[in-house]
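Colleague:
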Amino acid sequence: MPDLFTAEEAGVTVTKHVDVDGDVVQIGLRLDSSRECPLTVRVLDAVPTNTTIQVPKTDPPCWSTDDETVEYERTLESEEAITTGYKYTVDEGDTASHHAPTLIIDGEATQAGADNATTYDEDEEFEMPGDEVSVTDMVGNSRTGISSPSSETRASADGGDATATGAAACAVDEAVVDGDEPIDGLSDLAGSRSSLELRVMYLQSQLQDLATYIDAMEEFLDDHGTGEDVLTEVLDELHAVREQLECVREEQTTLDTRLDALEDRTDQLESTFERRQETVDADLHQLEASAENRHEAVDGELQQLERTVEDVEET
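If you read the sequence shown in this note's numbering, its first letter stands for residue 12, the second for the next number, and so on.
1. So who's on the other strand from Glu82, going by DSSP bridges?
2. Are the segment 37 to 51 and the segment 79 to 99 touching, with three or more C-beta to C-beta distances below 8 Å?
3. How big is the Cα-Cα spacing for Ala251 and Gln263?
4. Classify Glu321 as helix, strand or coil using the three-state DSSP reduction.
5. Quick test of your reading: Arg85 and Leu42, contact by CB under 8 Å. State the CB separation rounded to the nearest angstrom.
6. Does the segment 19 to 31 come within contact of the segment 62 to 71, defined as at least 3 CB pairs closer than 8 Å?
7. Going straight from the alpha carbon of Ser75 to that of Gln217, what length do you get?
8. Are there 16 or more other CB atoms within 10 angstroms of the CB of Gly96, so buried, or fewer, so exposed?
9. In the DSSP output, what is Thr95 paired with across the bridge?
10. Can you pull the DSSP bridge partners for Val309?
11. Would you call the CB atoms of Tyr99 and Val66 closer than 7 Å?
12. Which class does Asp32 belong to by DSSP, given the choice of helix, strand or coil?
13. For Arg318, which residues from the same chain have a beta carbon less than 6 Å from its beta carbon, with the 5 sequence-adjacent residues on both sides left out?
14. Below 6 Å CB to CB, which residues in the same chain sit around Gly22 once its five sequence neighbours on both sides are set aside?
15. Please list, in chain order, all residues of the same chain as His235 whose beta carbon is under 8 Å from its beta carbon, the five residues on each side excluded.
16. Within 10 angstroms of its Cβ, does Ser153 collect 16 or more other Cβ (buried), or is it exposed?
17. Compute the Euclidean distance between the alpha carbons of Arg334 and Gln279, then round it to the nearest angstrom.
18. How long is the line joining the alpha carbons of Asn304 and Thr268, rounded to whole angstroms?
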């Protein structure tokens with residue numbers, strides 16, 4: 012996994028990208044100046060003893076080496092950002108520790124070197140492709156080392172601090188790679204600066220969106236609590252709904268019982284009504300028959316009386 016180390020001094024940030032591939036160690040350096048005036052910077056980086064250094068063929072005069080130290084000196088224009096790097100080979104099985112480089116601004120810091128000097132090999136130059144590693148790969152796969160006490164890392168979603176993140180992205184994007192035949196890839200970095208700046212601006216926009224999303228999540232958690240609180244509230248409401256459902260079921264059972272009793276009472280009333288109706292019908296028939304008999308008896312008596320009256324009149 013690639014390593015990232017960031018150091019900052021007097022408005023200048025240097026990001027070191029370390030990629031180890033077998034016995035080949037590739038170092039990428041990204042210098043980013045936020046100063047409004049040109050200034051000379053020196054980057055000192057530690058390397059193993061008696062190591063042959065390979066530097067890009069576009070700017071070998073900027074490089075010099077002492078025993079266990081590689082120095083890169085360059086004048087940065089106002090708010091200029093550049094990418095460079097070097098590589099070296101270690102014995103198989105050897106492991107070297109890597110640290111943030113020392114950044115010197117116009118003689119503001121000093122770095123002592125040893126007496127024994129080594130040289131870099133200009134016949135074995137290499138190039139750093141611009142799109143070898145994406146910004147997403149940098150964010151997902153790299154880790155940032157701790158710089159020296161005079162330097163500090165910076166990585167934030169805020170606009171002001173996003174410069175270091177952009178520098179780290181560009182450093183990874185311009186990672187040093189091994190190649191048997193050198194090509195003129197590093198010379199195209201100046202032309203691709205605008206595309207790199209666009210990628211950095213895009214990354215900063217994504218980080219700002221992420222910060223906005225985090226703020227919204229914090230506000231939501233402040234208003235509604237954590238997921239556990241929301242789940243507890245939902246479970247409480249579910250428990251209350253279950254209790255209400257049980258009450259409704261009990262009321263339904265009571266209503267069913269009362270309805271059954273009402274149906275039984277209705278059946279009893281219907282039976283009683285039918286019996287009484289039959290009794291009334293029978294009594295009515297009897298009364299009708301009795302009235303008819305009495306009517307016939309009265310008619311007979313009336314006829315008899317009329318005959319008696321006629322007999323009396325004749326006599």
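We put the CB at the ideal spot given by N, CA and C, even for glycine.
Modeller: Taking the coordinates as given:
1. Your numbering for residue 82 matches position 71 in the sequence shown. For Glu82, which the question treats as bridged, DSSP gives the partners Leu55, Ser75.
2. yes
3. For the purposes of this step, residue 251 is taken as residue 240 along the sequence shown, with counting starting at 1. For the purposes of this step, residue 263 is taken as residue 252 along the sequence shown, with counting starting at 1. Ala251 and Gln263: Cα-Cα distance of roughly 18 Å.
4. For the purposes of this step, residue 321 is taken as the residue at position 310 of the sequence shown. Three-state result, Glu321: helix.
5. On the sequence shown, residue 85 is found 74 positions in, with the first residue counted as 1. On the sequence shown, residue 42 is found 31 positions in, with the first residue counted as 1. Indeed, because the Cβ distance is near 7 Å, the residues count as touching under 8 Å.
6. no
7. Residue 75 sits at position 64 when you count from the first residue of the sequence shown. Residue 217 sits at position 206 when you count from the first residue of the sequence shown. About 39 Å.
8. For the purposes of this step, residue 96 is taken as residue 85 along the sequence shown, with counting starting at 1. Gly96 comes out buried.
9. Position 84 of the sequence shown holds residue 95. DSSP, once it has assigned bridges, lists Leu40 as partnering Thr95.
10. On the sequence shown, position 298 is the one that residue 309 refers to. DSSP, once it has assigned bridges, lists no residue as partnering Val309.
11. Residue 99 sits at position 88 when you count from the first residue of the sequence shown. Residue 66 sits at position 55 when you count from the first residue of the sequence shown. Result no, Cβ atoms of Tyr99 and Val66 do not sit closer than 7 Å.
12. By one-based count along the sequence shown, residue 32 stands at place 21. Looking at Asp32 - three-state DSSP - the assignment turns out to be strand.
13. Residue 318 sits at position 307 when you count from the first residue of the sequence shown. Same-chain partners within the cutoff: there are none.
14. Along the sequence shown, one-based indexing puts residue 22 at 11. Ser45, Arg46.
15. Residue numbering aside, residue 235 sits at position 224 when the sequence shown is read from its first letter. Closer than 8 Å at the Cβ level, and outside the excluded window around His235, lie Val241.
16. Here residue 153 corresponds to residue number 142 of the sequence shown, with the count starting at 1. For Ser153, the predicted model reports a pLDDT of 36, less than 50, meaning its position is unreliable and no value from the coordinates is stated.
17. The chain is shown only over 12 to 326; residue 334 falls outside these bounds and no answer can be derived.
18. Within the sequence shown, the letter at position 293 stands for residue 304. Within the sequence shown, the letter at position 257 stands for residue 268. When rounded, the distance between both Cα atoms is 54 Å.
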